[in-house]
Amino acid sequence: MALFSNVSFSSPIAPIASNKASLLHNFNLVGPASLPMIPRCSIARDHRIVSTPLEHFGQRSGHPTITDEFRIEHANKLEAFKRVFREVGEDPLQALAMIDAIHRLGIDHHFQYEIDEVLQKQYMLSCTNGVHDYDLQEVALRFRLLRQEGYFVPAGVFDRFKDREGGFRNELRRDIKGLMELYEASQLAVEGEDILDGAREFSSQALKTWQSRELDQFSGRVIKTTLDQPYHKRLSRFTARNLLTNYQGTNGWINVLQELAKMDFNIVQSLHQTEAIRISNWWKGLGLAKQLEFARDQPLRWYILSMVSLTDPSLSEQRIDLTKPISLIYIIDDIFDVYGTLDELTLFTQTVDRWDYAATDRLPDYMKICFKALDDITNEISHKVYKKHGWNPVNSLRKAWVTLCRAFLVEARWFASGKLPKAKEYLENGINSSGAHIILVHSFFLLGQGLNNKNVELIDNNPGMISSTATILRLWDDLGSAKDENQDGNDGSYVECYMKEHQGVEVESARKHVTHMISNAWKRLNHECLSRNPFSLPFARASLNIARLVPLMFSYDENQCLPGLEEYVKSLLYERVPMKNTTSA
């Protein structure tokens, strides 16, 4: 039931135990020993990812530790390219192309000032009709880059590409680059923007037509990647790795930028490896794996969620601190999913609700240990935030945990009763039980930006940015579960609740309905990330990155494996990008 989890409903049993793996278990890809589940290939069984001593990261990747000389060379190349950026970037279209390449190569954190400067000019020009608006590729690229950075550009910029009947002009079908940019731009739609819905349909159909023709291998691959994995909805660092290893630029500045990005990738990978070792040492020192027999000993997996959500290399301490509450989501998930009785779960929720350590006297020992760890970690993070940013978030953090445990208890009672709730009721509770708000509430305070009474009140009440992200997670979870386990008719997903409520609806129709709901949730998240929202850009990116991770967690192959997720972990933590003609890393 926990972090992005699902719950099954069947005949009452005690202790409460799921008859299938939750999304959390899917991310772990292995559950507690007591949880009955279908054997799957998993990251947990890949010793390169889980069982390797973390101290051996450098040796296993085939590269020694990053040297000072390597860092100096990287810094020199960075400054050199910033000069190139300023020179070439005087041309508006070249500036947009550079910004796009910088984003796709995952090094935008080095160029935020330069990117902001260019896009601010582009935005002001677009507001005064001072830009060329006749080239589809340029208009769509500018639109996407501005919206990605929080500028609300009206979708009406695409009106000039429509014919008298209201459809996109037929001759645009010949413009492959324009079509790809139009499709990419359509992913940043908000609710009510019919023109972007039409843009997505038009561009996808036209690109699929090009796919059916005899294109060169590279063009066919680029079109397929655009359609299957539009940039806005995929993890940029994973994309960057593929670009660095599978694509060679053809003009000067692209080649220079790629070499810089390769160096940067290896430096950041080394940082992530160091962080993972620190997390492992923290977890061992905490001792919960020994005190709680059912507790999973998988700190690397918990860290991956922090690594995905907070991508800026400068946020190292925040990633380490964020991993700590994530580990507790996993542990509390197991308590509610497979270990506690309904009476014990009720007592535990009441204790968390009151947040009174004296009330733990009524709890079994394993729950006392868990609550103490929860209290200690919450106090530790609150103290750090107060010391660094002058705001004590303890009440907000406690409230987030109360919300999670209450939602878990609701699902436990549904499970014990054997009754399915209404689809709307299930989803409303499932948003809270997804665990997304725990990650994002902690992220908000750890980032320390926008800490004021108004924003904290918003955070305490599940704002749209959090609820939209949680909705995407919950529904993706349920789609994967329904597809994987629908044969038993008892998966307890939104799909099952919906089908029970709408008698006669086929599974495929229900799944299409859920897919449409996910699309609408993305539109709401897009809207929340635009400039009118009160939250910082790093917080908005954390929300987006969590939503982007989910498809990797449910893209099963025919063997019920998750090759995309496994490849993501290996490429980002274990396999460095080969370098040439540089100081050895």
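In this text, residue positions in the sequence shown follow our numbering: the first is -12, and each later residue adds one. Think of the CB as a built atom: it goes at the ideal place given N, C-alpha and C, for glycine as much as any other residue.
query                                                                                                                                                             : result
Pick out whichever of Gly137, Phe225 and Val255 has its Cα sitting closest to the Cα of Arg58.                                                                    : Val255
Could you say which of Leu433, Phe402 and Ser455 lies nearest to Gly422 if we only look at CA atoms?                                                              : Ser455
Within its chain, find whatever has a CB closer than 6 Å to the CB of Gln46; leave out the 5 residues flanking it on each side and keep chain order.              : Below a pLDDT of 50, predicted positions are generally treated as unreliable, and Gln46, at 46, falls in that range; the measurement from the model is reported next regardless. Once the five neighbours on either side are set aside, Gln46 has no close Cβ partner at all.
Helix or strand or just coil, what does DSSP make of Phe155?                                                                                                      : strand
Alpha carbon to alpha carbon, how far is Gly239 from Leu247?                                                                                                      : 13 Å
Taking its Cβ as the centre, do 16 or more other Cβ atoms sit within 10 Å of Cys114, making it buried, or is it exposed?                                          : exposed
Taking one C-beta from the stretch 71 to 86 and one from the stretch 197 to 206 each time, how about it: are there three or more such pairs within less than 8 Å? : no
Taking just the CA atoms, how far does Leu552 sit from Ala387?                                                                                                    : 28 Å
Given that a residue counts as buried once 16 or more other Cβ atoms are within 10 Å of its Cβ, and exposed if not, what is Met111?                               : exposed
Arg393 lies in the alpha helix (DSSP H); which residues open and close that run?                                                                                  : Val381 to Ser404
What is the C-beta distance between Ile364 and Leu434, in whole angstroms, given that I count them as a contact (C-beta under 8 Å)?                               : Not confirmed; about 18 Å, so no contact.
If contacts are defined as beta-carbon pairs under 8 Å, then Asp120 and Arg147 qualify, I think. What distance do you get, rounded to the angstrom?               : 6 Å
Taking the continuous alpha helix (DSSP H) assigned at Asp203, which residues delimit it?                                                                         : Run containing Asp203: none; DSSP gives neither H nor E here.
Contact defined as beta carbons within less than 8 Å: I believe Ser506 pairs with Phe225. What is the distance between those atoms, to the nearest angstrom?      : Not quite, the Cβ-Cβ distance comes to about 22 Å (not below 8 Å), so this is no contact.
Counting along the chain, where does the alpha helix (DSSP H) carrying Gly566 start and finish?                                                                   : For the record, residue 566 in the displayed sequence is Met; it is not Gly. Premise fails: Met566 is in no alpha helix (DSSP H) and is neither H nor E.
Relative to the C-alpha of Val105, which candidate in Trp463, Arg265, Glu331 and Met85 has its C-alpha closest?                                                   : Met85
Three or more beta-carbon pairs under 8 Å between the stretch 125 to 134 and the stretch 76 to 85, yes or no?                                                     : yes
Residues in its own chain within less than 8 Å of Val209 by CB, not counting five upstream and five downstream?                                                   : Met167
In chain order, what are the residue ranges of uninterrupted alpha helix (DSSP H) at least 4 long that sit wholly in the stretch 129 to 183?                      : 163 to 173
At which residues does the alpha helix (DSSP H) containing Leu350 begin and terminate?                                                                            : No alpha helix (DSSP H) holds Leu350; DSSP gives it neither H nor E.
Give the secondary structure of Ser54 by DSSP, where H, G and I count as helix, E and B as strand, and everything else as coil.                                   : In the sequence on display, residue 54 carries Thr and not Ser. Coil.
Taking just the CA atoms, how far does Lys487 sit from Ile89?                                                                                                     : 48 Å
If contacts are defined as beta-carbon pairs under 8 Å, then Ile307 and Ile266 qualify, I think. What distance do you get, rounded to the angstrom?               : 6 Å
Please classify Glu136: is it buried, with 16 or more other beta-carbons within 10 angstroms of its beta-carbon, or exposed?                                      : buried
Relative to the C-alpha of Ile163, which residue among Gly185, Ala193, Ala176 and Asp181 is closest?                                                              : Ala193
Our contact map puts Ala410 next to Tyr485 with C-beta atoms below 8 Å; I'd like the distance itself, whole angstroms only.                                       : 4 Å
Can you tell me where the alpha helix (DSSP H) holding Asp251 begins and where it ends?                                                                           : Gly239 to Leu273
Can you find the residues in the same chain that come closer than 7 Å, C-beta to C-beta, to Ala457, ignoring five residues on each side of it along the sequence? : Ile418, Ser421, Ala423 and His424
Counting pairs of Cβ atoms below 8 Å between the stretch 293 to 304 and the stretch 322 to 339, do you hit three or more?                                         : no
Rounded C-beta distance between Cys392 and Leu279? I'm assuming under 8 Å.                                                                                        : Not confirmed; about 17 Å, so no contact.
Consult DSSP for Phe189 and reduce its assignment to one of helix, strand or coil.                                                                                : helix
Near Leu183, what residues of its chain come up, given a Cβ to Cβ distance below 7 Å and the 5 sequence neighbours on each side ignored?                          : Ala142, Ser173 and Ala176
Between which two residues does the alpha helix (DSSP H) carrying Arg91 extend?                                                                                   : Pro79 to Arg91
Work out the CA separation of Glu152 and Ser296 for me, nearest whole Å.                                                                                          : 43 Å
Could you check which residue in Lys355, Gly207, Tyr481 and Arg187 has the C-alpha nearest to that of Pro408?                                                     : Tyr481
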